[in-house]
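Notes for the one structure printed next.
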Amino acid sequence: MTDSTATSAQAAAAGRPVATSRGQAPGRPPAVDQATVPVDLGVIQPRRRLGTSDLRVFPLALGGNVFGWTADQTETRSVLDTYFDLGGNFVDTADSYAGGRSEIMIGSWMRERRSRDDMVVSTKVGKSADHPGLTPKAIERAVEASLERLGTDRIDLLYLHVDDTEVAFERTLLAVDHLIRAGKVRYFGGSHHSGNRLYEARIAAGMLGVAPMVALQNQYNLLNRGEYEKGLARVAAQLGLGVMPRFALASGFLSGKYRTRADFAGSQRRPDLAKHLNKRGLRVLHELDRIASVHEVSTAAISLAWLLTKPNVVAPVASATNAKQVFELTQAVRVQLTRLQVLDLDRASA
Numbered sequence: 178m179t180d181s182t183a184t185s186a187q188a189a190a191a192g193r194p195v196a197t198s199r200g201q202a203p204g205r206p207p208a209v210d211q212a213t214v215p216v217d218l219g220v221i222q223p224r225r226r227l228g229t230s231d232l233r234v235f236p237l238a239l240g241g242n243v244f245g246w247t248a249d250q251t252e253t254r255s256v257l258d259t260y261f262d263l264g265g266n267f268v269d270t271a272d273s274y275a276g277g278r279s280e281i282m283i284g285s286w287m288r289e290r291r292s293r294d295d296m297v298v299s300t301k302v303g304k305s306a307d308h309p310g311l312t313p314k315a316i317e318r319a320v321e322a323s324l325e326r327l328g329t330d331r332i333d334l335l336y337l338h339v340d341d342t343e344v345a346f347e348r349t350l351l352a353v354d355h356l357i358r359a360g361k362v363r364y365f366g367g368s369h370h371s372g373n374r375l376y377e378a379r380i381a382a383g384m385l386g387v388a389p390m391v392a393l394q395n396q397y398n399l400l401n402r403g404e405y406e407k408g409l410a411r412v413a414a415q416l417g418l419g420v421m422p423r424f425a426l427a428s429g430f431l432s433g434k435y436r437t438r439a440d441f442a443g444s445q446r447r448p449d450l451a452k453h454l455n456k457r458g459l460r461v462l463h464e465l466d467r468i469a470s471v472h473e474v475s476t477a478a479i480s481l482a483w484l485l486t487k488p489n490v491v492a493p494v495a496s497a498t499n500a501k502q503v504f505e506l507t508q509a510v511r512v513q514l515t516r517l518q519v520l521d522l523d524r525a526s527a
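Just so we're aligned: 508 in our numbering is position 331 of the sequence shown, and the numbers increase by one with no gaps anywhere.
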């Protein structure tokens, strides 16, 4: 690969504009608009368009909720290095994760790897102890603090981490739009918002002439299907929202690591795991095991691959505390589930 080709490929992988190649017809979209773009790893790396934005992301968002909590600095660096080396470019964090330490660790890693321009960084505001809620002042101060911790001049995707009903949506939307116009935020989305509230936000954005939401992060996995499939899926489709399911592995249960009470006895997520240890949960694990053996990948990979077959899902959010887990998670982006396998998982988790 030539230096110029490598440079263009790296830009495409990061979602940045790529110069039109010789012989390309005028007006045709650049290579970055394709489902996959080449990068300098010698392989084809999958990229998906995030909603109506121009962001192109790896189909697995690396969750930063464990950074500074169950993963220390060394472990965090190893996880991020492995994810990046495997073609990942989408990291998800929040100003409230580990009291801001997650953002600091991610920022430190990007500075050391000089990888900021190759990454799509998403973070969330609204839950931090220092700047709670979604008043214009809280949003502005929270974003400035996140930018400092991340060591960057812009946030690619900003989520409203709460639905602050005490603040008029118009005030929140105007505050976010101000940050977008200032170049400090590129796009934004919702989290913990009902379908009705998402409709309200789109109507208000249209009336005000400000940037609309392009993304939605909600709980969605094989064991928690109702909230999304019975309502939010239709809203996401109608509004053109890219969906990034959080708790994609049901707090780790769908990784197959926890099959008896003894398995999660010392886990900090014990309450969340315990509620899934029942006939339905074990039935889902059994089906995941069966399909994973066919594809020769991890149980976690099949759980994520199932999500990637669902309409409007762009990139499930999953976290890891070591390099081996990252490898197992990223297997999902190359798994092609058959229609029958998807139906079998649908039935097992119904």
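Beta carbons are placed, not taken as given, at the ideal position from N, Cα and C, and that holds for glycine.
Does the Cβ of residue i have 16 or more other Cβ atoms within 10 Å, making it buried, or fewer, making it exposed?
| i | result |
| --- | --- |
| Ser432 | buried |
| Asp341 | buried |
| Ile316 | buried |
| Ser428 | buried |
| Asn395 | buried |
| Lys501 | exposed |
| Asn398 | buried |
| Gln201 | A caution first: Gln201 carries a pLDDT of 34, below 50, which makes its placement in the model too unreliable to give a value. |
| Asn455 | exposed |
| Ala345 | exposed |
| Asn242 | buried |
| Ile283 | buried |
| Thr515 | exposed |
| Gln508 | buried |
| Gly366 | buried |
| Phe441 | buried |
| Arg524 | exposed |
| Asp307 | exposed |
| Gly264 | buried |
| Arg363 | buried |
| Leu485 | buried |
| Gly383 | exposed |
| Pro448 | exposed |
| Gln518 | buried |
| Leu232 | buried |
| Arg326 | buried |
| Leu426 | buried |
| Ala439 | exposed |
| Gln222 | buried |
For the beta strand (DSSP E) that residue i lies in, which residues bound it at each end?
| i | result |
| --- | --- |
| Val302 | Val297 to Val302 |
| Gly458 | Here Gly458 belongs to no beta strand (DSSP E); instead the alpha helix (DSSP H) covers Lys456 to His472. |
| Asp269 | Phe267 to Asp269 |
| Arg138 | Outside the displayed span of the chain (178 to 527) sits residue 138, for which this structure offers no information. |
| Ala392 | Ala392 to Gln394 |
| Ala359 | It is not in any beta strand (DSSP E) - Ala359 carries neither H nor E in the DSSP assignment. |
| Gly277 | Looking at the DSSP string, Gly277 is not in any beta strand (DSSP E), and its letter there is neither H nor E. |
| Arg238 | Residue identity differs from the one stated: residue 238 is Ala in this sequence, not Arg. Element bounds for Ala238: Ala238 to Gly240. |
Could you check whether residue j and residue i sit closer than 9 Å to each other, using their CB atoms as the reference points?
| i | j | result |
| --- | --- | --- |
| Gly360 | Asp333 | no |
| Arg225 | Val491 | yes |
| Asn489 | Ala378 | no |
| Ser526 | Arg436 | no |
| Leu239 | Leu227 | no |
| Ser292 | Ala271 | no |
| Phe244 | Thr251 | no |
| Thr300 | Asp269 | yes |
What is the C-beta distance between residue i and residue j, in whole angstroms, given that I count them as a contact (C-beta under 8 Å)?
| i | j | result |
| --- | --- | --- |
| Leu385 | Glu347 | 6 Å |
| Val494 | Arg402 | In fact, because the Cβ distance is near 16 Å, the residues do not count as touching under 8 Å. |
| Ser470 | Glu505 | So it is not a contact: roughly 14 Å between Cβ atoms. |
| Thr259 | Thr498 | Wrong, their Cβ atoms sit about 11 Å apart, outside the cutoff. |
| Ser126 | Leu465 | Residue coverage of the chain in this structure runs from 178 to 527, which leaves residue 126 outside it and unanswerable. |
| Glu289 | Ser323 | Not confirmed; about 19 Å, so no contact. |
| Met287 | Asn266 | Wrong, their Cβ atoms sit about 11 Å apart, outside the cutoff. |
| Leu350 | Val391 | So it is not a contact: roughly 13 Å between Cβ atoms. |
| Val302 | Ala319 | 4 Å |
| Leu337 | Leu356 | Not really, about 12 Å apart at Cβ, beyond 8 Å. |
| Leu393 | Ala414 | That belief does not hold up - the Cβ atoms of Leu393 and Ala414 are roughly 11 Å apart, past 8 Å. |
| Phe235 | Val510 | 7 Å |
| Val461 | Leu400 | 6 Å |
| His453 | Phe430 | 4 Å |
| Ala352 | Pro313 | 4 Å |
What residue range does the alpha helix (DSSP H) around residue i cover?
| i | result |
| --- | --- |
| Ser255 | Gln250 to Asp262 |
| Tyr376 | Gly372 to Leu385 |
| Gln502 | Ala500 to Thr507 |
| Ser480 | Thr476 to Leu485 |
| Arg293 | Unbroken run through Arg293: none, as it is neither H nor E. |
| Leu517 | Arg516 to Ala525 |
Against chain B, does residue i count as a neighbour if the rule is that its beta carbon must be under 9 Å from one of theirs?
| i | result |
| --- | --- |
| Val339 | In the structure shown, chain B does not exist; there is a single protein chain. |
- prompt: Where are the alpha helix (DSSP H) runs, 4 residues long or more, that stay fully inside the stretch 305-348, in chain order?
  reply: Correct list: 313-327.
message: For a minimum of 4 consecutive residues, which ranges assigned as the alpha helix (DSSP H) are wholly contained in the stretch 397-461?
response: Listed in chain order, the alpha helix (DSSP H) elements of length 4 or more contained wholly in the stretch 397-461 are 410-416 and 447-451.
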